[in-house]
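Once you know that position 38 of the sequence shown is 35 in the numbering used here, the rest is easy, because the numbers rise by one and skip nothing.
Quick reminder that beta carbons are idealized off the backbone N, C-alpha and C, glycines included.
A quick note: this is a predicted structure, and the numbers were derived from the prediction, not measured.
Read the structure below first, then the notes.
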Amino acid sequence: MSQLMIVSMLIFFGLSVPVAVSIGLASLAGVGSSGLPWVVVAQQLYAALDKYPLVAIPFFILAGNLMEAGGISERMVEFAKSVVGGIQGGLACTCVLTCMIFAAVAGSSVATTFAVGAILIPAMVRHGYPAPFAASLQASAAELGVIIPPSIPMILYAVSTDTSTGELFIAGVMPGILIGLALMFYVWFYAKRNNLGKRDGEGRLPLWPALKNAWLALMMPAIILGGIYGGVFTPTEASVVAVVYAVVVGKFIYRRLSFKQLSVTLHKSVVSTAVIMFVIANAGVFSFLLNRAGVPDALGTWLSHIFETKFTFLMGMNVALFLIGMFIETSASIVVLAPLLLPVALTFGVEPVHFGIIMVVNLALGMITPPFGVNLFAASAVAKLPLERLIKPLIPFVGVVIVCLLVITYWPGLSLGLRDMVYAK
């Protein structure tokens, strides 16, 4: 049964059938060949979605879209520019810092790409940066949207493996900061080497006026993350707080969010949520059938023969997950693979939260690599450039993130140190 399912799924992928549909059709093939009653499909579709933490996904998506429509992201950009815009390459550094701030609320890399890129890609081009470089930078920095908490992929990993969402969120803070700082260092070096960005500081507000102008926008991630880590509310409740805050600030304080915009934003968020939930539901059936066929145990035995040490296992996982992320959508990859790979990781002594961070960072890399990197498609659309022109300037950014990934992989304390402090472990 499992062989038929996997082969069927690969055939559908080869025929360019959408990922969720491919997984669903492969699951139907598995049920048909196993002799299970067809009611199992309905039961597992329901079971995959009947999980309280998943409620956070539509609200975080909506919060990110409301930030863009309500003018909150623009004020974040101005504040970030006041902080780092004075150095050479400051506008490029502003792009990275804004993505880090925006990521602390949105939980989505694509939302981060559109919200921040619509402002900063044209600005960087006006200041003399090559358009392909600006778009590649935006695509790369936007992957912080799924690494810095809150993060939709982390929620999916938590649900799929019965891991604490709160612990995953706090474990993602330091890796996200590391990647953000590494990207800023590279763009500063690039600007110095290519004599770019000398006038990036022109027109920027001094720090104090920028802070006064943006403090309500900056309070949004502070309230969300502070509330989660302070035990005031759960990550799911925090997603609702984020939506309410974005509506109040965008509609009644900044007065940028009209009822028409609110309607469009709601529709956009519903469509995005439906796509993710469709993937989760189909992947839930697929995972159930693989578990029933004993695939996790067989996979564990096979991998234990291939990898003899924790070091080689983690290196193998990095390579495999990176390649998988290039071809398969992140949500589907996590829901299908996390329950299969985590038991194997545990046998090598890898902590579940640490493995979750490794998995999310690897799959986030897939969002910026061809042929199916969703961030690349989004950034090329914003910059109005063909995708092919982004590939060459993208390579150094991928290299920077890979170096950070190796640090995250082999230094567990980077992810788990803050988690252990907060949860007193």
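Other residues of its chain near residue i: CB distance less than 6 angstroms, five sequence neighbours each side excluded
{"i": "Val107", "result": "Val371 and Ala375"}
{"i": "Gly313", "result": "Phe304"}
{"i": "Phe345", "result": "Lys307 and Phe310"}
{"i": "Val93", "result": "Ala138, Gly177, Leu180 and Met181"}
{"i": "Pro409", "result": "His351"}
{"i": "Trp323", "result": "Correcting the residue type first, residue 323 is Met in the shown sequence and not Trp. These residues qualify, in order along the chain: Gly363 and Thr366."}
{"i": "Ser266", "result": "Ile58, Leu59 and Asn62"}
{"i": "Ile321", "result": "Ser330"}
{"i": "Ala17", "result": "Phe275, Val276 and Asn279"}
{"i": "Leu334", "result": "none"}
{"i": "Leu433", "result": "Examination of residue 433 is not possible in this model, given that the chain is present from -2 through 422 alone."}
Distance CB(residue i)-CB(residue j) smaller than 9 angstroms
{"i": "Ser157", "j": "Pro15", "result": "no"}
{"i": "Leu360", "j": "Gly67", "result": "no"}
{"i": "Val350", "j": "Leu413", "result": "yes"}
{"i": "Tyr226", "j": "Gly177", "result": "no"}
{"i": "Leu415", "j": "Ile167", "result": "yes"}
{"i": "Leu153", "j": "Ile325", "result": "no"}
{"i": "Asn279", "j": "Leu42", "result": "yes"}
{"i": "Gly125", "j": "Gly194", "result": "yes"}
{"i": "Leu362", "j": "Val332", "result": "no"}
{"i": "Ser19", "j": "Val38", "result": "no"}
{"i": "Leu263", "j": "Lys248", "result": "no"}
{"i": "Ile69", "j": "Ala243", "result": "yes"}
{"i": "Pro383", "j": "Val341", "result": "no"}
{"i": "Pro218", "j": "Ile98", "result": "yes"}
{"i": "Ser13", "j": "Ala26", "result": "no"}
{"i": "Leu46", "j": "Met274", "result": "yes"}
{"i": "Ala100", "j": "Leu165", "result": "no"}
{"i": "Thr270", "j": "Val143", "result": "no"}
{"i": "Ile116", "j": "Glu71", "result": "yes"}
Reference residue i; option with closest CA among the options
{"i": "Asn210", "options": "Ser105, Met73 and Ile321", "result": "Met73"}
{"i": "Thr298", "options": "Lys248, Glu326, Leu338 and Ile325", "result": "Leu338"}
{"i": "Asn191", "options": "Phe130, Ser266 and Ala23", "result": "Phe130"}
{"i": "Leu22", "options": "Leu202, Val37, Phe283 and Val241", "result": "Phe283"}
{"i": "Pro390", "options": "Ser19, Tyr187 and Glu65", "result": "Tyr187"}
{"i": "Ala179", "options": "Gln41, Phe394 and Glu326", "result": "Phe394"}
{"i": "Val28", "options": "Val241, Val341, Leu384 and Leu287", "result": "Leu287"}
{"i": "Thr233", "options": "Val379, Val316 and Leu51", "result": "Leu51"}
{"i": "Leu202", "options": "Val379, Phe76 and Thr95", "result": "Phe76"}
{"i": "Gln40", "options": "Glu71, Phe285, Phe230 and Val341", "result": "Phe285"}
{"i": "Val237", "options": "Arg252, Ile221, Ile3 and Gly228", "result": "Ile221"}
{"i": "Ala128", "options": "Leu402, Ile354, Lys381 and Ser31", "result": "Lys381"}
{"i": "Glu65", "options": "Tyr183, Thr95 and Gly224", "result": "Thr95"}
{"i": "Ala378", "options": "Gly228, Leu208, Pro119 and Glu348", "result": "Pro119"}
{"i": "Leu33", "options": "Ile116, Ala290, Val268 and Arg196", "result": "Ala290"}
{"i": "Phe10", "options": "Leu387, Pro368 and Tyr420", "result": "Pro368"}
{"i": "Tyr420", "options": "Arg196, Met2 and Gly228", "result": "Gly228"}
{"i": "Gly353", "options": "Arg252, Tyr183, Ile3 and Gly169", "result": "Gly169"}
{"i": "Trp465", "options": "Gly223, Gly82 and Val272", "result": "No answer is possible for residue 465: the residues shown for the chain start at -2 and end at 422."}
Close-in-space but distant-in-sequence residues of the same chain around residue i (CB under 7 angstroms, 5 per side omitted)
{"i": "Ala44", "result": "Gly281"}
{"i": "Leu213", "result": "Val246 and Ile250"}
{"i": "Leu318", "result": "Met356, Asn359 and Leu360"}
{"i": "Val404", "result": "Leu175 and Leu411"}
{"i": "Phe56", "result": "Ser236, Val237, Ala239 and Val240"}
{"i": "Thr406", "result": "Leu311, Asn315 and Ile355"}
{"i": "Trp35", "result": "Val28"}
{"i": "Leu208", "result": "Phe76"}
{"i": "Val122", "result": "Ala128 and Ala131"}
{"i": "Ile388", "result": "Pro367"}
{"i": "Gly224", "result": "Phe230, Ala235 and Val238"}
Nonlocal neighbours in the same chain, by C-beta distance under 8 angstroms from residue i, ignoring five residues either side
{"i": "Ser161", "result": "Ala155 and Val350"}
{"i": "Leu204", "result": "Ser79 and Val80"}
{"i": "Lys189", "result": "Gln85 and Gly86"}
{"i": "Phe261", "result": "Checking the sequence, you will find Val at residue 261 rather than Phe. Excluding positions up to five away in sequence, the list reads Ala66."}
{"i": "Lys48", "result": "Val156"}
{"i": "Val400", "result": "Ala179"}
{"i": "Met171", "result": "Leu411, Ser412, Gly414 and Leu415"}
Touch check for the segment 95 to 113 and the segment 50 to 70: three-plus C-beta pairs under 8 angstroms?
Counting Cβ pairs under 8 angstroms, three or more are found: they touch.
Assess contact between the segment 84 to 94 and the segment 124 to 135, defined as three or more Cβ pairs (one per stretch) separated by less than 8 angstroms. Is contact present?
Per the Cβ contact rule, the segment 84 to 94 is in contact with the segment 124 to 135 (3 or more Cβ pairs under 8 angstroms).
Using 8 angstroms as the Cβ pair cut-off and three pairs as the minimum, do the segment 92 to 107 and the segment 140 to 149 touch?
Touching, per the Cβ criterion.
Within the segment 192 to 264, note down every full alpha helix (DSSP H) run reaching 4 residues or more, in order along the chain.
Those alpha helix (DSSP H) runs which fall completely within the segment 192 to 264 and span 4+ residues are 204 to 226 and 232 to 244.
Length-filtered (3 minimum) beta strand (DSSP E) runs lying within the segment 77 to 163
Whole beta strand (DSSP E) segments, 3+ residues: zero.
Whole alpha helix (DSSP H) elements within the segment 6 to 64, 4-residue minimum:
Restricted to the segment 6 to 64, the alpha helix (DSSP H) segments that are unbroken, complete and at least 4 residues in length are 16 to 31 and 36 to 46, listed in chain order.
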